[in-house]
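If you read the sequence shown in this note's numbering, its first letter stands for residue 1352, the second for the next number, and so on.
In this text, a Cβ means the ideal position worked out from N, Cα and C, and glycines have one as well.
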Amino acid sequence: MNRVLRPAVQVVEFAKRLAPEPRRAIKRALQDLGVERGDIGTLEGILSGYYRLRVSKYRIVFAYASDGAIEVIFIEERMLVYELFEAEFIKRLKA
């Protein structure tokens, strides 16, 4: 089943700043994610309900929407992604 991907602005902007080869790898990985292929893992703790897609040194955080689409929420390098996403997630909850 090919799912619709809905990337957040942060994801699009981040990918635009990458060099051509990593940008192509991210694009390929997102296409594969549409058919649920790739190195996908479940997040735990406060981030349960979200998933990550591993692409080289990058991690893409996503969630399944109620309509079956995949909401691609956040991307960053592995060393930073979870802390930054969790901080953004908590900020959204407080708003």
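If you count every other CB in all the chains shown that lies within 10 Å of the CB of residue 1427, and 16 or more means buried, which is it?
buried
Would you tell me roughly how many angstroms separate the C-alpha atoms of residue 1357 and residue 1429, rounded to the nearest one?
21 Å
Given a cut-off of 7 Å on the beta-carbon distance, is the pair residue 1403 and residue 1412 in contact?
yes
Using DSSP bridges, identify the partner residues of residue 1425.
1412
Quick one: what's got a C-beta closer than 6 Å to residue 1401's C-beta in the same chain, skipping five residues either side?
1394, 1412, 1414
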